[in-house]
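Residue numbers (the working numbering): 1 to 251.
Every residue gets a Cβ at the ideal spot worked out from N, C-alpha and C, and that includes glycine.
Comments concern the structure below.
So, in structure tokens, the structure goes:
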């Protein structure tokens with residue numbers, strides 16, 4: 001989200017800088033926030049974003065490889081907030097939304113060819129928000145976020161059926177997720193004032209939990225497997241912040 005509450009998407013080429021920029025919402029007074037981008041093999045991509053302020057409406061727009069707008073669809077006419085999106089093995093687009101004032105988390109499967117919504121499933125009826133999502137090659141979906149201020153993680157099958165879910169004790173959230181080679185998942189986020197990493201088996205058994213401190217308030221937002229078999233994590237920490245309270249990147 002940039003100037004005047006509009007949202008900006010940039011395409012950057014290595015060595016040559018910004019190829020093009022597109023602004024969502026420049027023609028009206030709405031407040032916009034892009035939450036995720038999903039690329040497709042032909043160079044086109046989808047943008048998941050929200051319009052509103054306090055009361056939001058979730059949208060998905062499809063863009064051509066040159067940044068031209070190909071189409072837009074509203075995911076819900078009763079409010080909500082789209083937090084994450086990913087491509088599925090069958091070429092569809094999957095988005096995860098908090099469903100407005102209702103205590104639900106919904107998944108929307110979208111056909112990128114015409115932006116038709118092909119299916120909608122309620123994953124959980126407990127209050128919470130989605131902050132991260134990953135879809136593996138089998139279509140299994142791993143989700144994470146915050147439930148009334150507590151970290152939670154879940155896994156659903158390719159049809160949206162809930163396989164397992166766990167809410168952790170303590171204040172915090174989970175925001176990043178990556179699948180593991182054995183079918184499990186590793187999540188990252190924050191717990192109290194520490195960066196949090198949690199690993200689960202494919203059946204949803206928690207195998208280990210680690211908290212990492214960098215001083216001050218620290219959190220992780222993204223996780224990826226490393227070449228040596230561990231994980232690379234990125235986030236921020238307030239350790240060493242200036243007087244204005246700005247944080248520092250933390251890897």
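Taking buried to mean at least 16 other C-beta atoms within 10 Å of its own C-beta, is residue i buried or exposed?
i	result
residue 135	buried
residue 53	exposed
residue 13	exposed
residue 10	exposed
residue 21	exposed
residue 209	exposed
residue 15	exposed
residue 316	Outside the modelled stretch of the chain, which goes from 1 to 251, sits residue 316, for which no answer is possible.
residue 89	exposed
residue 249	exposed
residue 251	exposed
residue 227	exposed
residue 57	buried
residue 151	buried
residue 71	exposed
residue 17	exposed
residue 43	exposed
residue 175	buried
residue 78	exposed
Just checking my contact of residue i with residue j at CB under 8 Å: how many whole Å lie between their CB atoms?
i	j	result
residue 233	residue 188	5 Å
residue 37	residue 59	The pair is not a contact, with the Cβ atoms about 13 Å apart (cut-off 8 Å).
residue 47	residue 34	6 Å
residue 156	residue 115	Residue 156 to residue 115, Cβ: 23 Å. No contact.
residue 197	residue 132	13 Å between Cβ atoms; not a contact.
residue 162	residue 130	With a Cβ gap of about 14 Å, residue 162 and residue 130 do not count as contacting.
Nearest by alpha-carbon distance to residue i: which of the options is it?
i	options	result
residue 238	229, 231, 224, 220	220
residue 110	104, 198, 96	96
residue 201	190, 195, 153	153
residue 215	195, 230, 77	195
residue 41	92, 192, 23, 79	92
residue 229	203, 204, 18, 181	181
residue 121	106, 162, 207, 226	106
residue 171	162, 158, 148, 129	148
residue 173	222, 119, 193, 146	146
residue 7	51, 45, 43	51
residue 63	235, 113, 140, 129	113
residue 218	190, 175, 206, 160	190
residue 80	49, 94, 204	49
residue 128	98, 225, 118, 119	98
residue 25	224, 61, 139	61
In this structure, what does DSSP give as the bridge partners for residue i?
i	result
residue 150	147
residue 222	234
residue 40	None, per the DSSP bridge assignment.
residue 107	96, 121
residue 197	188, 210
residue 69	63
residue 178	186
residue 166	153
**OP:** Spell out a yes or no on whether the region 83-91 and the region 64-73 are touching, meaning 3 or more CB-CB pairs, one atom from each, closer than 8 Å.
**Re:** no
**OP:** Assess, as a yes-or-no matter, whether the region 177-196 is touched by the region 157-167 under the definition of 3 or more beta carbon pairs within less than 8 Å.
**Re:** The answer is no - the region 177-196 does not touch the region 157-167, with fewer than three Cβ pairs under 8 Å.
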